[in-house]
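I have placed the structure first, in the form of structure tokens, so that the comments after it can refer back to it.
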Amino acid sequence: MNKIIKYVVLDILRNKILVSYTVLLFAITMTMLFLQDNQTKSLLSLLNIVLIVLPLVSIIFSTIYYYNSIEFIELLVCQPIRRSRILLSIYAGLALSLLIAFGIGVGLPLLIMDHSLTSVLLVLIGALLTIIFSALAILGSVFMRDKARGIGVAILAWFYFSLLYDGLVLFLLFQFSDYPLEKPSIVLGSLNPIDLGRIILLLRLDSSAMMGYTGAVFKSFFGSAGGILLGFGILTLWMVLPLWGAVRRFNHKDL
Amino acid sequence: MERLISLMLLLSLSNLGFGRVLKVSPSGPLTSVADAVRRAAAGDTVLVYPGVYYEKGLVIDKPIHLKGIGQPALDGEHRYEVVTIRSGGVTMEGFVVRHSGYSDWNDLAGIRLAAVRHVVIKNNQLDDTFFGLYCQNSDSCVLENNTLHSRSDSARLAGNGIHCWHCNGMQLLNNTITRHRDGIYFEFVTNSLIQGNRSFYNMRYGLHFMFSHNDVYDGNRFEHNEAGVSVMFSHGVNMKHNLFADNQGGGAYGILLKEITDSRIELSRFVHNTVAIYMEGTTRVQVSQNVFRDNGWALKVQASCSDDTITKNNFLGNTFDIATNGSLVLNNFDRNYWDKYDGYDLNRDGYGDVPYHPVSLYAMVAEKNPSVMMLFHSFIVSLLDRTEKVMPSITPADLVDHIPFMKPITL
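Quick note, the sequences are listed as chains A and B, same order.
Using our numbering, the letters of the first sequence correspond one by one to residues 264 to 518.
Using our numbering, the letters of the second sequence correspond one by one to residues 2 to 412.
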């Protein structure tokens, strides 16, 4: 298993796209940190990068990589290795190399330049989103045989999580604005990893504005240590469940 | 006014020189403050030495100088109003006043000033009192350097720290008030100076006044109060160099202005409040040279406000700069610095060339439906805000800073 992970990581790290992704992230982070005089503002801009660019690159890159290594996977299946191990190793290699890119591009400069709890949370959430979206990519690609379809599904998934879902929530919040929506909105927030990460950070960045009634409900739920742990627990579920589905499908799949 | 007070001080000083001195201490010659007050004549000085005195409601009814040496304690045994001053010209200093009674139908106080003039209360510590300093129908009194601390846990059981009702020409200087219901409470108090006081961790408002005209608030600090500061139905309010900080919660305001006219809020700092200033029905209020930093909403200006001027303020790191509840705008927002402004300055005169609209779409939306705050900073919300900036449809087009500063104003 470790050997497969090593092969995958080495293979990806040689990839020009991943290198340029790292450089891009690094450049953006440094620009944000140096050009903005206001620390909150630079963290906000970085938050947008983490919430939009990271999931997009993770899901697309992972999907394409899976389809490109179909032959490698077929070769491995011929060896006496369990199928779940093969898939999990490929996933681990992918996630690991994307994490390395994120760590060098955003994590290191941010933690060196600005060591506050908020930036630690930002890096943690970015890392989790990378892991989650590559897991979703593996799930999608295992289910779709056709490469074009697989990439389409990946793009749709990203579109859904980062835009459509929030639009739907906004719509719901307005349709049912006569009802108390505090608790349902906690549930709605947990059903989307991007929203969950955003809310955890929002409670720190805009703490004053979040002290209204709705915000107070959120704050008492997600703002406490237990709430943050629960949030991260749900995010971990978001990684585990797609992987579990992918492995189940892959075990019985006719390659 | 001040001249009059200094004259009075001079007079009371000269009294000190000529009057007798009565000494009270647990070992004698006099062991009761009430006894000493009874024996004293106008202009005498009563010196009280360290000890605990249970006076069962001390009444001071002649102009004497009551001086505590080494912090003697007057104890109300949780039953009595500790000190009641019924005579003008009294000076009381250096006491610990503690354990006043509590009543649901009587405002028992640590020290009550009942219809008096030229009373000076200074350097006292009021501890565990229901109401702290209670002034009614009084004129030209000085409350200075007192520390007020209530020990009750609920707002129902706590009274106000400094409570003034129907007073004129009061001076509240450098007092510290904590854990009361309202730190400073005024009703019908005019021509007064409130300077250098600290009011924090109170259960309702740090400062709360109504029908109190022409008062000056200078250099006070209002922090961590449950509901912030609330002022209503007054004119000629002059506030400067104050700090309003960390007043957070659904109904907490740095300062809430309701029906305030012809007033000024200047050179103050508003930090970490849920809403820094909430304005409702205000007229001709000038908000200038203040700093608004890291508030949820810097200003909530309701459409019922008119002829207010908001100018030369720094808006830094607030989630929303301005929110409003209608499209009618009768106020002037020119010449402020907004950190969210992204215009340019071609002629380099220090002012931006494009106007700034400080109300964002989402501020309007959140005003109507607060639960949408959970989507703040999401992609779709940023998109909506951008669209609204290009084609304003919901945000009031008249709420605009025509000449915003490019750099923060040095204050």
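Built from N, CA and C at the ideal position, the CB exists for glycine as well.
The straight-line gap separating the alpha-carbon atoms of Val-369(A) and Val-386(A) is approximately 7 Å.
Rounded to whole angstroms, the gap between the alpha carbons of Asn-125(B) and Ile-463(A) is 47 Å.
Of all residues in the region 462-483 of chain A, those with a C-beta nearer than 7 Å to a C-beta of chain B are Ile-462, Leu-465, Asp-469, Ser-471, Ala-472, Met-473, Met-474, Gly-475, Tyr-476, Thr-477, Gly-478, Ala-479, Phe-481, reading in chain order.
Non-local beta-carbon contacts of Lys-57(B) in its own chain, meaning distances under 6 Å to residues more than five positions away in sequence, involve Tyr-81 in chain order.
The beta carbon of Leu-309(A) sits closer than 6 Å to the beta carbons of Met-295 from its chain, once the five residues preceding and following it are set aside; these are given in chain order. In the DSSP secondary-structure assignment, Arg-199(B) is bridged to Thr-177(B), Arg-222(B). Within the region 294-321 of chain B, the residues whose Cβ lies closer than 9 Å to any Cβ of chain A are, in chain order, Asp-295, Asn-296, Gly-297, Trp-298, Leu-317, Gly-318, Asn-319, Thr-320, Phe-321. By the 16-neighbour rule on beta-carbons within 10 angstroms, Glu-334(A) is exposed.
With respect to the C-alpha of Ile-323(B), the residue from Ala-364(B), Gly-344(B), Arg-199(B), Asn-291(B) having the closest C-alpha is Ala-364(B). Legend: CB atoms of the region 298-311 of chain A lying less than 8 Å from CB atoms of chain B belong to residues Asn-301, Thr-303, Lys-304, Leu-307, Leu-310, Asn-311. For Thr-92(B), no alpha helix (DSSP H) segment is defined; the enclosing uninterrupted segment is the beta strand (DSSP E) at 92-94.
Under the three-state reduction of DSSP, Tyr-54(B) is assigned to strand. Checking the DSSP bridge columns, you'll see Lys-259(B) partnered with Met-233(B), Glu-281(B). The Cβ of Leu-376(B) sits closer than 8 Å to at least one Cβ of chain A.
For Thr-275(B), the nearest beta carbon of chain A is closer than 8 Å to its own beta carbon. Where Tyr-428(A) is concerned, the enclosing alpha helix (DSSP H) starts and stops at 428-438.
Spanning the alpha carbons of Asp-247(B) and Arg-199(B) requires a straight line of approximately 14 Å. Assigned with DSSP and collapsed to three states, Phe-132(B) falls in strand.
If you draw a straight line from the Cα of Ile-311(B) to the Cα of Leu-306(A), it comes to about 29 Å.
Excluding five sequence positions before and after Ser-404(A), the CB atoms of its chain that fall closer than 7 Å to its own CB belong to Thr-326, Tyr-329, Tyr-330, Gly-413, given in chain order. For Leu-400(B), no beta strand (DSSP E) segment is defined, and its DSSP state is neither H nor E. Judged by pairs of C-beta atoms under 8 Å, the region 265-285 of chain B touches the region 466-481 of chain A, as three or more such pairs exist. Only exposed fits Cys-341(A), as fewer than 16 other CB atoms lie within 10 angstroms of its CB.
With respect to the 8 Å criterion, Ile-261(B) and Val-230(B) are not classified as neighbours on the basis of their beta carbons.
The C-beta distance from Pro-405(B) to His-358(B) rounds to 10 Å, too long to fall under 8 Å, and the pair is not in contact.
Assigned with DSSP and collapsed to three states, Trp-106(B) falls in coil, not helix or strand. Leaving aside the five residues that flank Met-211(B) on each side, the residues in its chain whose CB is nearer than 6 Å to its CB run, in chain order, Glu-188, Met-233, Phe-234.
Assignment of Ala-324(B) by DSSP, reduced to helix, strand and coil, places it in the strand class.
Ile-449(A) and Phe-481(A) have their C-alpha atoms roughly 7 Å apart.
DSSP, read as helix, strand or coil, puts Cys-165(B) in strand. If you check the CB distance, Ile-112(B) and Ile-70(B) do not come in under 8 Å.
Of all residues in the region 430-444 of chain A, only Gly-430, Val-432, Leu-433, Leu-436, Phe-437, Ser-440, Leu-444 come within less than 8 Å of chain B when Cβ atoms are compared, listed by chain position. If you look at Met-293(A), you'll find it in the alpha helix (DSSP H) that goes 279-298.
Taking all protein chains shown into account, Gln-249(B) has 16 or more neighbouring C-beta atoms within 10 Å of its C-beta and is therefore buried. In this structure, Val-91(B) lies away from Leu-127(B), with their beta-carbon atoms at least 8 Å apart. Cβ contact annotation for Ile-367(A) (same chain, cutoff 7 Å, sequence separation greater than five): Thr-285, Phe-289, in chain order.
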